Amino acid sequence: MALDEYDRYLRFGFAANDEQIKRYTDSLNFERDEVFGIYNRRLELIAMAHLAFTADDNLSACAEFGVSVLKTARGRGYGARLFDRAATHARNEGVSRMFIHALSENAAMLKIARNAGAIVVRDGSESEAHLHLPPATIDTRLNELVAEQVAQTDYRIKAQVKQFWDLMAGMQMDRRDAHNAEPSNSK
Ligand SMILES: CC(C)(COP(=O)(O)OP(=O)(O)OC[C@H]1O[C@@H](n2cnc3c(N)ncnc32)[C@H](O)[C@@H]1OP(=O)(O)O)[C@@H](O)C(=O)NCCC(=O)NCCS
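Everything in the sequence shown is counted per my numbering, starting at 501 for the first residue and increasing by one.
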């Protein structure tokens, strides 16, 4: 919802309105698919990727990747990191081909895909990138386990620090209110 009209056009291939985005999020299948996110220190979600495994049993070794990063957080490598994270997960799930639909004008997305070794096929205003994924190894499995643990720990630390600062801010407000309520301080 935080994406502006042009970014919605880049992300979904059309300028999706709020209702269409809501339908998309309602349709996310948390059992089958995987959603990755990056939170900042204020626990605001600044980047989000969706790895959708194909629902077709005959194409079980395919997954589609979609991502968006808040404008203010772009150019810091988050999009590429989510792509790498999703590719590792896809490999570990036995996926051999990851694909990305992007508009041909979407230079950043196509750069991420090309950097990862994807083959990009342009068809007019639209492009499709295919990334061949080798089978999982002990390394990819361990990498994912470690990445998951680090992410959980990072989130817990951020949540505790935020809770602490929220508490401090609340106490400061209570103290100010009490100070203002004292008869000698009221105007
Ligand atoms: C596409 C998007 C996710 C990229 O996120 P990001 O975090 O800014 O990307 P990164 O910082 O990881 O940059 C990835 C690469 O693209 C390059 N890049 C970034 N912005 C670029 C731009 N406007 N033009 C050309 N290259 C660009 C970076 O230099 C980097 O390449 P490098 O590692 O070789 O230097 C982000 O722009 C976005 O959310 N766009 C709107 C939604 C969208 O288009 N989603 C993709 C459709 S599935």
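Note that beta-carbon positions come from the ideal geometry of N, C-alpha and C, so glycine has one too. These numbers were taken from a predicted model, which means no experiment stands behind them.
Distance check between Leu582 and each of Ala636, Lys658 and Ala651 places Ala651 closest, using alpha-carbon atoms only.
With respect to His630, Met609 sits apart: the two C-beta atoms are not nearer than 9 Å. If you compare the alpha carbons of Ile619, Ala587, Ala552 and Arg532 with that of Ala647, the shortest gap goes to Ala587. Nearest to Arg614 by alpha-carbon distance, out of Ala602, Ser625 and Gly624, is Ala602.
Ligand 1 has a heavy atom closer than 8 Å to the beta-carbon of Ile600. Under the three-state reduction of DSSP, Ala651 is assigned to helix.
DSSP places Asp507 inside the alpha helix (DSSP H), whose first and last residues are Glu505 to Phe512. Cβ-Cβ separation between Tyr655 and Tyr539: approximately 6 Å, consistent with a contact (criterion under 8 Å). Boundaries around Arg622 are those of the beta strand (DSSP E), Ile619 to Asp623, since no alpha helix (DSSP H) includes it.
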